[in-house]
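If you read the protein sequences in the order shown, they are chains A, B and C.
Its first residue numbered 1, the first sequence is counted upward by one per residue in the numbering used here.
Its first residue numbered 98, the second sequence is counted upward by one per residue in the numbering used here.
Its first residue numbered 638, the third sequence is counted upward by one per residue in the numbering used here.
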Amino acid sequence: MSSHILPKRVYYTIFAILLFCTYLTVQIAFLDLGALNTVAALGIATFKATIVVLFFMHVKYSTRLTWAVVLGSVFWLGILLALTMTDYLTRVWRHYG
Amino acid sequence: MASPTVFMPPRHYLNDGYGIKSWLLTRDHKRIALLYLASVTFFFFLGGAMAVLIRLELATPVGDLVTDETYNKLFTMHGVMMVFFFLIPAIPSVLGNFLVPIMIGAKDLAFPKLNLASWYIYVIGATFTTYSLVTGGLDTGWTFYTPFSTVASSSNVISAALGIFITGFSSILTGLNFIVTIHRMRAPGMTWFRMPLFMWSIYATSLIMVLGTPVVAITIVLVAAERLFHFGFFDPRVGGDPVLFQHLFWFYSHPAVYIMILPAMGVISELVAAFCRKQVFGYKFVAFASVAIAVLGFLVWGHHMFVAGISVYAALVFSILSFLVAVPSAVKVFNWTATMYKGSVSWQTPMLYAIGFIGLFTIGGLTGLFLAAVGLDVHVTDTYFIVAHFHYIMVGGTIMGYLGGLHYWWPKISGRLYNEFLAKISAAIIFVGFNLTFFPQFILGYLGMPRRYHAYPPEFQVLNVLSSAGASILGVGYLLPMIYLMWSLRYGRIAGSNPWGAVGLEWTTTSPPPTENFAETPIVTWEAYDYQAPVEHHVA
Amino acid sequence: MSHDAAAHHEAHHPALAHHFDSLAQQSEATTLGMWVFLVTEVLFFGGLFATYMIYRSWYPDAFAAASHELDVTLGTINTVVLITSSLTMALAVHAAQLGQRKLLMTFLILTMILGGVFLGIKSVEYYHKFAEHHVPGPDFQFEKEYIRHAQLFFSLYFVMTGLHALHMIIGIGIMLVMLWWSWNGTITEEYSSPIEISGLYWHFVDIVWIFLFPLLYLIGRHAH
């Protein structure tokens with residue numbers, strides 16, 4: 001990781017993309033897309049996070065172990081969210097008042 | 098078969114620097130392991146004192162020794178002390194800290210200063226919680242269920258919870274240290290599949306520590322926030338869900354039980370190999386089973402919540418997954434047994450603890466399968482059946498593994514041999530005391546005696562008295578090793594580098610080892626547990 | 638001959654800890670250590686995201702109404718501030734890897750200033766919430782229809798942004814130490830890994846905000 005030095009223009013490009021995505025996500029929030037609003041918001045956030053991880057955090061140029069650690073953490077968060085939802089999505093009774 | 102010349106090296110980690118500063122500011126993983134040994138032993142006996150009072154109270158059907166509130170505080174503090182300050186740290190922070198670098202041929206862990214910090218964090222956290230014990234206690238149960246812990250309990254919830262929060266960081270940092278060490282600091286030739294199985298267990302345990310502990314940490318933050326600032330995360334009055342607490346709590350606390358058992362299983366693999374003088378049967382299966390337990394252990398937490406108010410479909414999912422997690426544990430039990438078959442078995446104390454573990458863990462594990470079945474769990478949940486189940490695993494399993502490991506590696510740690518006769522007697526006393534304490538509890542639970550009650554119907558008294566009698570025997574059994582192990586430090590026979598004639602890098606260096614572990618970095622050319630080759634081949 | 642000299646120099650490099658064999662091994666270990674630590678942070682914040690997910694799915698209208706009370710302009714500015722600080726952090730790492738001491742210090746200082754700006758704006762927002770009685774507790778005020786569930790939103794808001802802000806403060810503290818090491822010559826072209834792993838931490842804190850911003854500030858904005 002320390003051996004790979006990214007040219008500065010890569011950082012500037014990613015920065016510009018991140019700013020554009022921020023602009024996009026705010027604009028989309030003010031449109032009525034129904035359920036797609038949340039999908040778009042999370043999708044853009046995930047994309048932004050991904051390019052920060054790949055380029056600012058150099059994961060694109062890192063070892064397989066680093067990739068495994070990053071993907072593992074996302075997967076484990078997924079376990080927490082998904083298995084908890086098996087309860088909340090299948091409750092027949094309504095939520096508490 | 099001891100090494101040809103049995104000697105105590107003139108310079109080793111114990112005499113490399115004297116005085117309290119050289120211990121309290123040490124970076125040596127071996128000294129840190131001993132610091133942990135002292136602390137966890139203290140908390141074990143503190144938690145044990147709570148157990149004594151509990152069993153004294155339960156000898157009679159009437160709640161006559163202590164009040165209801167005090168009884169709640171007793172079983173809560175027993176649980177908190179034992180789970181967070183003994184069972185979770187003991188094997189990893191004592192045996193793991195001592196052995197991880199040596200077993201892989203490294204000079205120390207990856208982050209020695211972080212290792213020392215982890216011990217201080219543990220002590221600070223445990224002190225906070227003990228403070229809450231002394232200033233009024235905690236009565237929520239070690240499980241802190243909401244809304245009692247957030248709204249109704251008038252006990253020291255926040256200080257106790259804060260203490261556990263702090264201690265959690267000790268666990269996280271220890272796990273982090275082990276993961277990086279095992280990945281990056283193995284000696285030349287020490288491939289993953291040449292590592293002792295204890296390393297695989299510690300690695301799997303470390304994964305759980307790192308992935309699970311943060312979730313209970315944030316859960317504690319939420320409970321504290323609710324109590325302090327009235328943020329109603331689990332409060333139905335603002336639309337919160339108390340069951341959400343349980344989801345978040347058990348997401349960690351179920352894998353936590355694997356933090357408690359996996360290192361013990363790792364110890365058993367070492368003991369069985371050494372005392373049957375044989376390669377562990379199905380090494381790769383056992384190694385992968387450790388990782389499988391760690392992974393699958395994260396998928397089953399809902400089985401603590403079958404009657405809490407989760408949907409029946411969620412219960413179904415968690416039930417199926419809970420059956421699945423038993424498989425890798427069973428694989429290990431079969432493999433240890435197969436290792437013993439046609440092995441050259443010698444029945445020294447560590448081996449006694451090993452077969453004690455195998456038998457008692459099997460019983461505990463089987464009863465776990467009963468509990469995974471929702472239909473049965475609904476009847477025995479919150480009864481003494483559960484109490485018996487987890488004590489068979491935690492005490493019959495983990496503590497036996499811990500004691501077995503402590504005895505096995507005692508010569509390496511101290512340079513001395515303990516008194517084998519006394520040790521065997523103690524092991525027998527512990528085994529008898531344990532079963533007398535906890536087997537009646539299976540029956541009590543099946544007959545319907547609820548847990549966490551100090552008054553019960555008189556027809557349950559006989560079994561309770563048997564259990565209390567067993568507890569007194571067990572207590573004596575635990576005190577004996579304290580005495581003879583300490584005695585051996587001064588008066589025990591010199592052990593030499595390999596008193597057991599075992600195979601492993603730790604047996605190639607002196608007893609006690611030098612501070613840097615090895616005179617020269619070892620280069621590993623043999624497989625794990627290579628008992629086929631003559632032992633001298635493995636001596637540096 | 639020069640290889641021997643280089644190896645000899647490295648074996649006695651002041652930054653090489655005695656239990657490591659080489660600077661490369663040490664840097665790999667510390668990098669892996671920081672990544673494993675970030676895993677714990679993902680799960681730590683993850684519990685909050687799980688809580689948020691459940692309550693937002695239960696009370697979408699109350700959450701939308703409560704979200705409208707947050708200042709989108711300030712939130713967007715803060716997002717831009719943090720993204721910029723990630724840029725300056727990445728440029729700091731770049732400078733460190735090339736041994737450019739003055740540039741490294743400049744970018745570290747810029748990163749800290751941007752972090753400070755973020756915290757300043759956050760304080761202003763918190764003050765607004767106090768003034769408008771949007772802090773959960775006995776003083777909480779909200780439109781009657783959503784008053785109970787809006788408290789849940791604001792509880793989550795304060796804990797999530799508060800925890801994030803705490804991590805920012807720690808990050809600024811780390812940058813101060815890095816600034817000191819850059820100034821006193823500890824950081825060199827061969828030993829730039831402390832800057833890199835501090836950068837990893839900083840980018841992670843930025844990523845948390847990247848998710849917090851839309852989840853807290855942008856719920857149902859089309860309705861107003």
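Quick reminder that beta carbons are idealized off the backbone N, C-alpha and C, glycines included.
Neighbour-count burial assignment, residue i, 16 or more Cβ in a 10 Å radius
{"i": "B/K439", "result": "exposed"}
{"i": "C/K739", "result": "exposed"}
{"i": "B/V573", "result": "exposed"}
{"i": "A/M1", "result": "Reliability of the predicted coordinates at A/M1 is poor, the pLDDT of 42 falling under 50, and no value is obtained from them."}
{"i": "B/F225", "result": "buried"}
{"i": "B/V318", "result": "buried"}
{"i": "B/P352", "result": "buried"}
{"i": "C/M815", "result": "buried"}
{"i": "B/G399", "result": "buried"}
{"i": "A/N68", "result": "For the record, residue 68 of chain A in the displayed sequence is Ala; it is not Asn. With fewer than 16 Cβ atoms within 10 Å of its Cβ, A/A68 is classed as exposed."}
{"i": "B/T288", "result": "exposed"}
{"i": "C/S704", "result": "buried"}
Residue i in three-state terms, based on DSSP
{"i": "B/I185", "result": "coil"}
{"i": "B/R513", "result": "strand"}
{"i": "B/G493", "result": "helix"}
{"i": "B/I255", "result": "helix"}
{"i": "C/I824", "result": "coil"}
{"i": "B/E556", "result": "helix"}
{"i": "B/A284", "result": "coil"}
{"i": "B/P107", "result": "coil"}
{"i": "B/Q629", "result": "coil"}
{"i": "B/A99", "result": "Reliability fails at B/A99, whose pLDDT of 48 lies under 50, so the model's placement of it is uncertain and the value that follows must be treated cautiously. In this structure, B/A99 counts as coil in the three-state DSSP scheme."}
{"i": "B/Q445", "result": "coil"}
{"i": "C/E678", "result": "helix"}
{"i": "B/T164", "result": "coil"}
{"i": "B/R587", "result": "helix"}
{"i": "B/Y641", "result": "The structure shown does not extend to residue 641 of chain B, since chain B is modelled only from 98 through 637, so no value can be given for it."}
{"i": "C/Q778", "result": "coil"}
{"i": "B/L235", "result": "coil"}
{"i": "B/N532", "result": "helix"}
{"i": "B/P244", "result": "coil"}
{"i": "B/P333", "result": "helix"}
{"i": "B/I269", "result": "helix"}
{"i": "B/P508", "result": "helix"}
{"i": "A/R91", "result": "coil"}
{"i": "C/A661", "result": "helix"}
{"i": "B/V377", "result": "coil"}
One or two residues paired with residue i in a DSSP bridge
{"i": "B/P547", "result": "B/T480"}
Residue span of the alpha helix (DSSP H) that contains residue i, given as start and end
{"i": "A/R9", "result": "8-29"}
{"i": "B/T138", "result": "126-154"}
{"i": "B/G394", "result": "Counting along the chain, B/G394 falls outside any alpha helix (DSSP H), and DSSP gives it neither H nor E."}
{"i": "C/D843", "result": "830-854"}
{"i": "B/I591", "result": "Per DSSP, B/I591 belongs to no alpha helix (DSSP H) and is neither H nor E."}
{"i": "B/A321", "result": "294-326"}
{"i": "C/L755", "result": "Looking at the sequence provided, one finds Phe at residue 755 of chain C rather than Leu. Taken as a continuous stretch (DSSP letters only), the alpha helix (DSSP H) holding C/F755 covers 738-768."}
{"i": "A/F47", "result": "36-51"}
{"i": "B/K210", "result": "209-231"}
{"i": "C/G857", "result": "That residue, C/G857, is in no alpha helix (DSSP H); it is neither H nor E in DSSP."}
{"i": "C/L724", "result": "709-734"}
{"i": "A/W76", "result": "64-88"}
{"i": "B/H351", "result": "339-373"}
{"i": "B/K429", "result": "409-437"}
{"i": "B/W120", "result": "117-121"}
{"i": "B/I201", "result": "194-201"}
{"i": "C/S704", "result": "697-705"}
Mind checking the segment 679-703 of chain C against chain B and listing, in chain order, the residues whose C-beta falls within less than 9 Å of any C-beta there?
-> The segment 679-703 of chain C vs chain B, Cβ under 9 Å: V679, L680, F681, F682, G683, G684, L685, A687, T688, I691, Y692, W695, Y696, A699.
Next on the checklist: Please identify, using Cβ separations under 9 Å, the residues of the segment 728-756 of chain C that lie next to chain A, in order along the chain.
Outcome noted: For the segment 728-756 of chain C, which is checked against every Cβ of chain A, the residues closer than 9 Å are L728, V730, H731, Q734, L735.
(request) With 8 Å as the limit, tell me which residues of the segment 303-317 of chain B have their beta carbon closer than that to any beta carbon of chain A; keep them in chain order. (result) The segment 303-317 of chain B vs chain A, Cβ under 8 Å: L308, V312.
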